[in-house]
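Working notes, beginning with the structure itself.
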Amino acid sequence: RHTKHDRFVTVAMKEVIFHEPVFMGDLVSFYAEATKVGRTSITVHVVVEAERFGNQMQKVTVTEAEVIYVAINQFREKVVIGGE
Numbered sequence: 040r041h042t043k044h045d046r047f048v049t050v051a052m053k054e055v056i057f058h059e060p061v062f063m064g065d066l067v068s069f070y071a072e073a074t075k076v077g078r079t080s081i082t083v084h085v086v087v088e089a090e091r092f093g094n095q096m097q098k099v100t101v102t103e104a105e106v107i108y109v110a111i112n113q114f115r116e117k118v119v120i121g122g123e
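Going by this note's numbering, the final residue of the sequence shown carries number 123, and the count climbs one at a time with no gaps.
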């Protein structure tokens with residue numbers, strides 16, 4: 040959506056923070072937001088929440104991460120986002 044490009048690879052995870060454990064039976068949801076779009080890369084902040092099993096009212100943030108992806112072409116070469 041943010042780049043009009045459809046092929047990316049993960050190149051880095053700057054930070055992963057584990058706040059709480061995930062237990063068997065928890066319903067886990069991932070939320071991602073693009074925080075920076077560069078010339079060839081996009082940075083995404085990911086928040087993971089767990090709805091505790093048996094307690095639908097209790098939602099906790101279990102993990103957060105900052106992930107950097109780079110746009111590539113069909114030959115696995117880095118390309119400019121929006122370019123060919």
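Cβ atoms here follow ideal geometry from the backbone N, Cα and C, with glycine treated the same way.
Proximity winner among the options, relative to residue i (alpha-carbon distances)
| i | options | result |
| --- | --- | --- |
| F92 | K75, M63, S68 | M63 |
| K53 | R78, N112, V85, F69 | V85 |
| V118 | T74, Y108, T79 | T79 |
| V87 | M96, E116, D65 | D65 |
Residue i - DSSP class collapsed to helix/strand/coil
| i | result |
| --- | --- |
| H84 | strand |
| M52 | strand |
Residue j beta carbon less than 8 Å from that of residue i
| i | j | result |
| --- | --- | --- |
| A110 | T49 | no |
| E67 | A104 | Here the sequence assigns Val to residue 67, which means Glu is not the residue at that position. Going by C-beta atoms, V67 is not nearer than 8 Å to A104. |
| F21 | Y108 | This structure gives no information on residue 21, because the portion of the chain shown stretches from 40 to 123. |
| V101 | A89 | yes |
| V99 | E59 | yes |
Neighbour flag for residue i against chain B, beta carbons, 8 Å
| i | result |
| --- | --- |
| Q95 | The chain inventory of the structure shown lacks chain B, comprising one protein chain alone. |
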